[in-house]
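Number of protein chains: 2
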Amino acid sequence: MSFYDKLKFTSDGLIPAIVQEQKTGRVLMMAWMNRASLEKTVETGKTHFWSRSRQKFWMKGEESGHTQTVKDVAFDCDGDTLLIQVEQNGAACHEGYQSCFFRSVENQGAEFKVTEAQLQRPEDIYGKKKSS
Amino acid sequence: MSFYDKLKFTSDGLIPAIVQEQKTGRVLMMAWMNRASLEKTVETGKTHFWSRSRQKFWMKGEESGHTQTVKDVAFDCDGDTLLIQVEQNGAACHEGYQSCFFRSVENQGAEFKVTEAQLQRPEDIYGKKKSS
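Line by line, the protein sequences give chains A and B. In terms of the working numbering, the first sequence is residues 165 to 296. In terms of the working numbering, the second sequence is residues 165 to 296.
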C-alpha cells in the first residue's frame, strides 16, 4: 500500500509538515503541503510546500538558498501530519534564525524571551523583500 | 507584551501544537489547542488540547495516564504554530508507540515501514474503548 493512501488532507487539500533537523533534533519550522508539493518533496529530496498566504507552490530556499535535503518522511497515527527529517542549509527561518521557534514563553505567558541568536538579518538573506 | 498577543489562531480559534520530548528530541505528536487549552497548559504545566473530531477539551493522559509535563512553550516567527517541550509519561501515541510518527516512507512513497516498537497495545491502555 502506498503511504499516500494513509494520509488525510484537509478540505483545502493540505497537510501540515513539521520539519526537524536530523543532526540536532531541533524542530525548524512547520509549513503546509498539498499532494503535489509532497510528491515533489519525495521525488526530488528537497522540501516543497504550499503557501496559504501567497496561494503558491514553493521550494524551501528557492530565494534564500536555504534549502532542505530530505532524510526521512514520517507520518502520524491519524495520517494527518507529516514529520520530515532534513539536513538544513543555512538558517531555516526567514527572520534569520536557525529555527522558526526562537521565542519561548516566560512567567506563565505574561512575557516571552528570544532563545537563540539571529544568524543573519532578513535583508541580508533576501535584500529588501521579505520572503519565506 | 503577552505572548498571546503574538499568536494567530485559525478562524476556528485553533493553533497547532507540536509536542517534543525534551530529553530525547523526539517529536511525539501534533494536536490542536484553542486559547482555553493553551492557557490551561501554561497554568497547570500539563498539556491540554482541543479535539476537532470530538469537539472536546481534553488533557493528554486523562484516560491513559500518559500525561505530559510541560518544560517549555515556544512559538514560531509567524505566531501560528506552537512547539511544546515535555517530559512524557508512558507512550505518547494512543496506538501504544512512544511517538505518533512511527511510520516512515520507503521507495519514494510506494511503501512505508514501521520504525519503532509498539510499547503497549491500545486495549491494554484504554480497555476496549479507543481514545487519545
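Note that CB positions come from ideal geometry on N, CA and C, so glycine has one too. Just so it is clear, the structure is predicted and the values come from calculations on it, not from any experiment.
Should residue i be flagged as near chain A, meaning a C-beta pair shorter than 9 Å?
| i | result |
| --- | --- |
| Arg267(B) | yes |
| Gly225(B) | no |
| Thr211(B) | no |
| Ser166(B) | yes |
| Ile160(B) | The structure shown does not extend to residue 160(B), since chain B spans only 165 to 296, so no value can be given for it. |
| Phe276(B) | yes |
| Val206(B) | yes |
| Thr279(B) | yes |
| Gly273(B) | yes |
| Thr245(B) | yes |
| Thr188(B) | yes |
| Asp242(B) | yes |
| His230(B) | no |
Return no unless some Cβ of chain B is closer than 9 Å to the Cβ of residue i.
| i | result |
| --- | --- |
| Arg218(A) | no |
| Val191(A) | yes |
| Val237(A) | yes |
| Met197(A) | no |
| Lys170(A) | yes |
| Tyr261(A) | yes |
| Asp288(A) | no |
| Glu308(A) | For chain A, the structure presents residues 165 to 296; residue 308(A) sits outside this window and is missing. |
Kindly identify the DSSP beta-bridge partner or partners of residue i.
| i | result |
| --- | --- |
| Glu275(A) | Glu270(A) |
| Phe213(B) | Trp222(B) |
| Tyr168(A) | None, per the DSSP bridge assignment. |
| Gln282(B) | Tyr261(B) |
| Ala195(A) | Ala181(A) |
If you follow the beta strand (DSSP E) that residue i is in, where does it begin and where does it stop?
| i | result |
| --- | --- |
| Thr233(A) | 232-239 |
| Glu154(A) | In the structure as shown, chain A starts at 165 and stops at 296, and residue 154(A) therefore has no counterpart that could be examined. |
| His200(A) | The amino acid at residue 200(A) is misidentified as His; the sequence shows Ala. Element bounds for Ala200(A): not the beta strand (DSSP E) but the alpha helix (DSSP H), 199-208. |
| Glu185(B) | 178-185 |
Since residue i contacts residue j with CB under 8 Å, what's their CB separation in whole angstroms?
| i | j | result |
| --- | --- | --- |
| Phe265(A) | Leu247(B) | 4 Å |
| Lys224(A) | Phe213(A) | 7 Å |
| Val183(B) | Thr211(B) | 6 Å |
| Leu283(A) | Gln249(A) | Actually they are not in contact, since the Cβ atoms of Leu283(A) and Gln249(A) sit about 21 Å apart, beyond 8 Å. |
| Val234(A) | Gly209(A) | 5 Å |
Would the beta-carbon of residue i be found less than 8 Å away from any heavy atom of the ligand NAP?
| i | result |
| --- | --- |
| Glu251(B) | Absence of the ligand NAP from the depicted structure is noted, as is the absence of any ligand whatsoever, leaving it without description. |
What are the boundary residues of the alpha helix (DSSP H) that residue i is part of?
| i | result |
| --- | --- |
| Asp288(B) | 286-290 |
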